[in-house]
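Peer 1:
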Amino acid sequence: MVRGYIPDFSQAAYLLLNWHEGHPEKSFWTTTRVKKERGIPIGAYRCRKCGLIELFADSSMAAQ
Ligand SMILES: [Zn+2]
1 MVRGYIPDFS QAAYLLLNWH EGHPEKSFWT TTRVKKERGI PIGAYRCRKC
51 GLIELFADSS MAAQ
């Protein structure tokens, strides 16, 4: 497994979550410095019986 983080961009839009490898870095202007081009789209699968959700980071999870 590889450590990463999921930054939340608070903008007036529906945005897909992305996973970023490594540790988040502080930024004076944007709170957290994130290089958007390095993010991997996250998809979520939900169990219909118990509601358990599993997340997967893969380029195939990008918006179509
Ligand atoms: Zn289940």
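Residue numbers for the sequence shown follow our numbering, so the first one is 1 and each next one is one higher.
Ideal Cβ positions, reconstructed from N, Cα and C, are used throughout, including at glycine.
Bear in mind the structure is a predicted one, so any value in this text is a computation, not a measurement.
1) Would the C-beta of residue 55 count as close to ligand 1, meaning under 6 Å from any of its heavy atoms?
2) Quick one: what does DSSP say residue 84 is sitting in, helix, strand or coil?
3) Given the structure, does residue 49 come close to ligand 1, in the sense that its CB is under 6 Å from one of the ligand's heavy atoms?
4) So, does the CB of residue 50 fall closer than 7 Å to a CB anywhere in chain B?
5) On the DSSP letters alone, give me the boundaries of the beta strand (DSSP E) that residue 51 sits inside.
6) Return the CA-CA distance between residue 47 and residue 29, expressed in angstroms with no decimal places.
Peer 2: Judging by the given coordinates:
1) Working through the sequence shown from its first residue, we reach residue 55 at position 55. No, ligand 1 has no heavy atom inside 6 Å of this Cβ.
2) Absent from the model: residue 84. The displayed extent of the chain is 1 to 64, so no value can be given.
3) As a working mapping, residue 49 is identified with position 49 in the sequence shown. A distance criterion of 6 Å places the beta-carbon of residue 49 in contact range of ligand 1, judged by its closest non-hydrogen atom.
4) Absent here is chain B; the protein component of the structure consists of one chain.
5) Position 51 of the sequence shown, counted from the start, is the residue given in the question as residue 51. No beta strand (DSSP E) contains residue 51, which DSSP labels as neither H nor E.
6) Walking along the sequence shown from the start, residue 47 turns up at place 47. Walking along the sequence shown from the start, residue 29 turns up at place 29. Note on geometry: alpha-carbon atoms of residue 47 and residue 29 lie some 39 Å from one another.
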